[in-house]
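There are 2 protein chains.
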Amino acid sequence: MAVYTEIGDDELDDLLHQYDIGRALSCKGIAEGVENSNYLLHTTGGYFILTLYEKRVNPADLPFFLGLMDHLAGRQVPCPTPIHGRDGAALRAVAGRPAAIIAFAEGRALTKPGPDHCQRLGAALAELHLAGSDFTRERPNALSVGGWRPLFEASRARADEVAPGLAAELEGELAALEAGWPGGLPEGVIHADLFPDNVLFLDGRINAFIDFYFACNDAFAYDLAICLNAWCFEKDGSFNATKARKLMAGYQGVRPLEAAEMAALPLLARGAAIRFLLTRLYDWLNQIEGALVKPKNPLEYLAKLRFHRDAGGPGAYGLDA
Amino acid sequence: MAVYTEIGDDELDDLLHQYDIGRALSCKGIAEGVENSNYLLHTTGGYFILTLYEKRVNPADLPFFLGLMDHLAGRQVPCPTPIHGRDGAALRAVAGRPAAIIAFAEGRALTKPGPDHCQRLGAALAELHLAGSDFTRERPNALSVGGWRPLFEASRARADEVAPGLAAELEGELAALEAGWPGGLPEGVIHADLFPDNVLFLDGRINAFIDFYFACNDAFAYDLAICLNAWCFEKDGSFNATKARKLMAGYQGVRPLEAAEMAALPLLARGAAIRFLLTRLYDWLNQIEGALVKPKNPLEYLAKLRFHRDAGGPGAYGLDA
Chain W
1 MAVYTEIGDD
11 ELDDLLHQYD
21 IGRALSCKGI
31 AEGVENSNYL
41 LHTTGGYFIL
51 TLYEKRVNPA
61 DLPFFLGLMD
71 HLAGRQVPCP
81 TPIHGRDGAA
91 LRAVAGRPAA
101 IIAFAEGRAL
111 TKPGPDHCQR
121 LGAALAELHL
131 AGSDFTRERP
141 NALSVGGWRP
151 LFEASRARAD
161 EVAPGLAAEL
171 EGELAALEAG
181 WPGGLPEGVI
191 HADLFPDNVL
201 FLDGRINAFI
211 DFYFACNDAF
221 AYDLAICLNA
231 WCFEKDGSFN
241 ATKARKLMAG
251 YQGVRPLEAA
261 EMAALPLLAR
271 GAAIRFLLTR
281 LYDWLNQIEG
291 ALVKPKNPLE
301 YLAKLRFHRD
311 AGGPGAYGLD
321 A
Chain A
1 MAVYTEIGDD
11 ELDDLLHQYD
21 IGRALSCKGI
31 AEGVENSNYL
41 LHTTGGYFIL
51 TLYEKRVNPA
61 DLPFFLGLMD
71 HLAGRQVPCP
81 TPIHGRDGAA
91 LRAVAGRPAA
101 IIAFAEGRAL
111 TKPGPDHCQR
121 LGAALAELHL
131 AGSDFTRERP
141 NALSVGGWRP
151 LFEASRARAD
161 EVAPGLAAEL
171 EGELAALEAG
181 WPGGLPEGVI
191 HADLFPDNVL
201 FLDGRINAFI
211 DFYFACNDAF
221 AYDLAICLNA
231 WCFEKDGSFN
241 ATKARKLMAG
251 YQGVRPLEAA
261 EMAALPLLAR
271 GAAIRFLLTR
281 LYDWLNQIEG
291 ALVKPKNPLE
301 YLAKLRFHRD
311 AGGPGAYGLD
321 A
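Chains as they are written, first to last, in UniProt numbering: chain W, 1 to 321; chain A, 1 to 321.
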């Protein structure tokens, strides 16, 4: 959590009066999610996550996020459902912040996902992509290629504090990605932040995708490229081709990739790496005092970026082109 | 939490194999407790708190803390029960740290406790004191008068960074408290950290005292003096005599104070104020990067300390001497 908002006793009671989920038995702040304040709320009606949206989330985007979760849950994509109040609305305000109550999703985020988990992830991701096809709201991806340069400019002057030469390397990368970024690939709603933290497994199966607060419209293959980065590198930085093949096989079993998507994968993965490198770099250089979650080291993604830059094609990932 | 330890998937499964509480459905880090890493653990057997004891807790003290919780729970003092494994032990190790699983206690810590809550607190505190009388383990209070000077010395050189003149003021206070600290008061097991954070209310009643990791043997009236500090000042620093009277009435309804305890209260309250001032000062000056909980402002307790120093006797608290 970036910030941790305290909820007063009366505020919580007032909030619950707007719902049909009973009265509060306990409400504990949980150390989950980098962007928002999250509470595990137990009421006489069950277990829920109460999320207060902090300043990084644009309130205007919340109807997209909550509507998407409703939409996907209605199509059997494993994701928690926003709870609607007596007035029908899922979005309201607590402690001066936009807030929503979401059904609690069981399951554990894996610290060491294996190849079979990657295969299940691939299949479920393809199902998410298909299920989103008739979702009518749209949200452009602010963190795609057009958004990287402003983010870079905000960190450029101090980038070399993190690694000598980083500013120059990123400048070169950005220029290459801006020049070569693929267009015309199949698009739709993507999760755009599908790290192991955001996938809850139960008995080896995916029980819930969570944290839809980067979801947007973009190329499906870019979502897959984010997963290649987040799931297929080992802690020592090595790329696990077995996991990548399983991830792809799971995905293609549900939604086969077009040739153009497969060919674009190395560049998309390189873009995904710079996207997380840039946000981590910014967070690293602008640490929030008292933040509940320590910023992640941006250099992990510099190593991934270099791997993708040096990859000649899908074959470098152990994938058949 | 001072530090937040990540628990691996296998480590959690291995841990649960040592208990009869089923298998893990979810395990979420919670933003509670300054000293340890706490997780809300849901298993097929119910809800639990899994605590990993971080470096501030002396492992040698854990049998005292866990044994005390067992003892008190067995005497109907509202407190969560440590879960014993198949081998009978409540204390074991996870991720290289001592760890215990504790029954989950419902209830909400109040952000704005009122006079009636203070009365219930007083009564329950007296019951805790009586129930501890036949607990056989002992733990001296390392944070009583003898422990304050070393703590002060660790912060003295930088104390004036927090408030000009603070080092000199604390030096004078310490000398006065060391010279006049009362002895011979009725003693026993005290909680020693009974802030509103550590008392869970449900339907206006106390459902659980939690966080026994400062519990020790000391004067009962010192525990009450800690509560006077923690429950009877308003956020603007003013002392609420109504709350103090209710707290005392609740306590004395169960365990009447001796005349010497009543007479010692202002000095005990002054000591309790410097105890929390000193630990907060140390934590303020030695912030841990990435800590999950921001250190509390020590100056809140400087104001309280001054209030107690200027109090002529119990009458200054609205109490009848």
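Heads up, the beta-carbon is just placed ideally off N, CA and C, and yes, glycines get one too.
What whole-angstrom Cβ distance do residue i and residue j have, given they're in contact under 8 Å?
i                      : j                      : result
residue 214 of chain W : residue 192 of chain W : 4 Å
residue 80 of chain W  : residue 175 of chain W : Contact flag wrong, Cβ pair sits at about 40 Å.
residue 141 of chain A : residue 216 of chain A : 4 Å
residue 99 of chain A  : residue 50 of chain A  : 7 Å
residue 97 of chain A  : residue 20 of chain A  : With 8 Å as the limit, residue 97 of chain A and residue 20 of chain A do not qualify as a contact, their Cβ atoms being about 23 Å apart.
residue 185 of chain W : residue 230 of chain W : Between residue 230 of chain W and residue 185 of chain W the Cβ distance is about 20 Å, and since that is not below 8 Å, they are no contact.
Check for me: the alpha helix (DSSP H) holding residue i runs from which residue to which?
i                      : result
residue 270 of chain A : 259 to 285
residue 147 of chain W : 145 to 155
residue 308 of chain W : 299 to 310
residue 172 of chain W : 166 to 180
residue 72 of chain W  : 62 to 74
residue 120 of chain W : 115 to 131
residue 15 of chain A  : 9 to 16
Measuring straight from C-alpha to C-alpha, what distance separates residue i and residue j?
i                      : j                      : result
residue 265 of chain A : residue 225 of chain A : 6 Å
residue 250 of chain W : residue 118 of chain W : 8 Å
residue 1 of chain A   : residue 29 of chain W  : Caution applies to residue 1 of chain A, whose pLDDT of 37 falls short of 50 and renders its modelled position unreliable; the value that the coordinates give is listed next. So the two alpha carbons sit approximately 12 Å from each other.
residue 202 of chain W : residue 54 of chain W  : 29 Å
residue 121 of chain A : residue 223 of chain W : 53 Å
residue 153 of chain W : residue 131 of chain W : 37 Å
residue 308 of chain A : residue 190 of chain A : 21 Å
residue 3 of chain A   : residue 151 of chain A : Here residue 3 of chain A scores only 46 on pLDDT, less than 50, and its place in the model should not be relied on; the value that follows carries that caveat. Their backbone Cα atoms lie some 21 Å apart in a straight line.
residue 62 of chain A  : residue 91 of chain A  : 8 Å
residue 315 of chain W : residue 262 of chain W : 10 Å
residue 275 of chain W : residue 197 of chain W : 18 Å
residue 12 of chain W  : residue 24 of chain W  : 8 Å
residue 161 of chain A : residue 273 of chain A : 20 Å
residue 228 of chain W : residue 238 of chain W : 12 Å
residue 149 of chain A : residue 280 of chain A : 14 Å
residue 36 of chain W  : residue 134 of chain A : 47 Å
residue 89 of chain W  : residue 199 of chain W : 26 Å
residue 44 of chain A  : residue 126 of chain A : 36 Å
residue 48 of chain W  : residue 295 of chain W : 26 Å
residue 66 of chain W  : residue 181 of chain A : 59 Å
Find the nearest neighbour of residue i within the set the options, judged by alpha-carbon distance.
i                      : options                    : result
residue 115 of chain A : A:28, A:283, A:246         : A:246
residue 158 of chain W : W:310, W:283, W:8, W:20    : W:283
residue 271 of chain A : A:113, A:144, A:242, A:25  : A:144
residue 78 of chain A  : A:129, A:181, A:166        : A:129
residue 165 of chain W : W:183, W:217, W:237, W:299 : W:299
residue 236 of chain W : W:185, W:22, W:303         : W:303
residue 337 of chain W : W:52, W:87, W:64           : This structure cannot settle anything about residue 337 of chain W, because the visible part of chain W is limited to 1 through 321.
residue 7 of chain A   : W:86, W:26, W:108, W:295   : W:108
residue 278 of chain W : W:319, W:171, W:256        : W:171
residue 26 of chain A  : W:104, W:254, W:70         : W:104
residue 82 of chain A  : A:112, A:212, A:268        : A:212
residue 84 of chain W  : W:218, W:57, W:17          : W:17
residue 243 of chain A : A:318, A:163, A:68         : A:318
residue 373 of chain A : A:187, A:155, A:66, A:64   : Only positions 1 to 321 of chain A appear in this structure, which leaves residue 373 of chain A out of reach.
residue 156 of chain W : W:184, W:286, W:204, W:110 : W:286
Terminal residues of the continuous beta strand (DSSP E) containing residue i?
i                      : result
residue 100 of chain A : 97 to 103
residue 218 of chain W : 216 to 219
residue 158 of chain W : Careful: residue 158 of chain W lies outside any beta strand (DSSP E) and carries neither H nor E.
residue 187 of chain W : 187 to 190
residue 40 of chain W  : 37 to 43
residue 47 of chain A  : 46 to 52
residue 24 of chain W  : 24 to 30
residue 254 of chain W : Segment 241 to 254 is the alpha helix (DSSP H) holding residue 254 of chain W; no beta strand (DSSP E) there.
residue 207 of chain W : 205 to 209
residue 201 of chain A : 199 to 202
residue 93 of chain W  : 92 to 94
Chain W partners of residue i, CB-CB under 8 Å?
i                      : result
residue 9 of chain A   : 108, 110, 111, 112
residue 6 of chain A   : 111
residue 285 of chain A : None at all; the shortest Cβ gap to chain W is about 14 Å.
For residue i, which residues in chain W fall below 7 Å Cβ to Cβ?
i                      : result
residue 24 of chain A  : 108
residue 281 of chain A : The contacting residues do not exist; residue 281 of chain A stays about 17 Å from chain W at best.
Using a cut-off of 7 Å between C-beta atoms, extract the partners of residue i located in chain A.
i                      : result
residue 52 of chain W  : Chain A residues near residue 52 of chain W: none, gap ~13 Å exceeds 7 Å.
residue 202 of chain W : 25
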